[in-house]
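With our numbering applied, the sequence shown corresponds to residues 180 to 297, in that order.
All C-beta atoms in this analysis are idealised placements derived from N, C-alpha and C, irrespective of residue type, glycine included.
A quick write-up on the structure given underneath.
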Amino acid sequence: MLANDGADVYSADIDSLYLFRRGKLIPSEETQETACKKSRVIITGVPVKSYKLPLEWVSENTVIIYVASFKNVDDAELLKIKGVQYVPLVGKVTVAMLERNLLRLYENFHWKPKKVWQ
């Protein structure tokens, strides 16, 4: 949604990085580090307890949001960076809503209930 409003949105996976721009998905030559350093908002969602966002990748005045079930940042150290705004604990509600939406999609498009009269 943000890309369609004009923002550059990077999406990182284990071995790839893509840039979204107004409906276009563009493979990026950036590294995760350089993409994070350019970003004013970083959203982490790594579902692994051991992953922590390297704080040297975070620029001043960046907003950090984590939506994973595990903390992806060291919040005490993160808040020492000038101007950083931190939004924690979005994860559990987000995961619950994603699961709910997944069930609704399945029900709406794939689930064929048996008719009572059959």
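Shown here for SER207: same chain residues with a beta carbon closer than 8 Å to its own, the five before and five after excluded, namely TYR189, LEU196, TYR197, LEU198, ALA214 in chain order. For LEU282, the secondary structure class from DSSP, reduced to helix, strand or coil, is helix.
Bridge pairing for THR223: TYR245 [DSSP].
In the structure shown, LEU204 adopts extended strand secondary structure according to DSSP, grouped into three states. Between ASP184 and GLY202, the alpha-carbon positions lie close to 10 Å from each other. ALA247 and LEU268 have their C-alpha atoms spaced approximately 8 Å apart.
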